[in-house]
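Q:
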Amino acid sequence: MEGKGARYVIGYCVTVLVAILLRCLYTDMGGVVLGVLVPVSGSAWEQGKLCFWPYLAGALLIWRLGDGTDSRGGHCALLMAMPLSLTALCAVLGVTSYRTVLALWLVVLAAGVALYALVLRRRMWGGEVLWYTLAICLGIAYLLLTAMPPQTGIFLDPTGVPTMAIPV
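Position 59 (the sequence shown) corresponds to 58 in numbering that gives the first Met the number 0; numbering is contiguous.
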């Protein structure tokens, strides 16, 4: 692949492959660490993890394949925007089907990568440190709220199956 857009396509594909790999590993092996990285219930909050952890690999690849002038803060802004967008879509639409969640995830991920390619690769407002801090805070929230999920709102499984903390 040649051209400036190739790295975004590669980054998108790597993100999808990492998400599939993480889900397969969790299904096969289970465990606390993998449970933090993939959705463990049908709640809207858990579905947001599809856009957070796998995109770390895709963002790194997109940035490394670039010419060094792109903003890393833009990737961190996407690490905030994509999971929260997917969570909001799942909550508002009341999505219970995993096929629908996967379709929404692919659309949100494609929109996020396109947004980065067109707008967010330039210098971000507030500087990179602000966006790094916000992305790290969301990552910590995923860690804590996967282990100890509240039983309300976006943390409830819409299928009616009670959400439980990951066993240690």
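Cβ coordinates follow ideal geometry from the N, Cα and C atoms, glycine included.
All values derive from a computational prediction rather than experimental measurement.
Candidates Ser40, Arg122, Thr26, Cys12: which alpha carbon is nearest alanine 58's?
A: Measuring from the Cα of alanine 58, the nearest candidate turns out to be Cys12.
Q: Do three or more CB pairs link the stretch 65-75 to the stretch 26-38 at distances below 8 angstroms?
A: Touching, no, given that fewer than three Cβ pairs across the two stretches are closer than 8 angstroms.
Q: When you compare only the Cα positions, how much space is there between leucine 88 and leucine 64?
A: Distance between the alpha carbons of leucine 88 and leucine 64 is about 31 angstroms.
Q: DSSP on glutamine 150, reduced to helix/strand/coil?
A: Correct three-state label for glutamine 150: coil.
Q: Got a sec, what are the start and stop residues for the alpha helix (DSSP H) arginine 63 sits in?
A: 48-63 is the extent of the alpha helix (DSSP H) around arginine 63.
Q: Output needed for alanine 90: all residues of its chain with C-beta closer than 8 angstroms, excluding positions within five of it in sequence on either side, in chain order.
A: Ala43, Gly152, Ile153.
Q: On the three-state DSSP scale, how would you describe tryptophan 124?
A: Here tryptophan 124 sits in coil by DSSP.
Q: Along the chain, where does the alpha helix (DSSP H) containing threonine 68 start, and where does it finish?
A: First-last for threonine 68: undefined, no H or E at that position.
Q: Secondary structure at threonine 26, three-state DSSP: helix, strand or coil?
A: In this structure, threonine 26 counts as helix in the three-state DSSP scheme.
Q: Would glycine 93 and proline 157 qualify as a contact pair, given that the criterion is a beta-carbon distance under 7 angstroms?
A: Their beta carbons are under 7 angstroms apart, which means glycine 93 touches proline 157 by this criterion.
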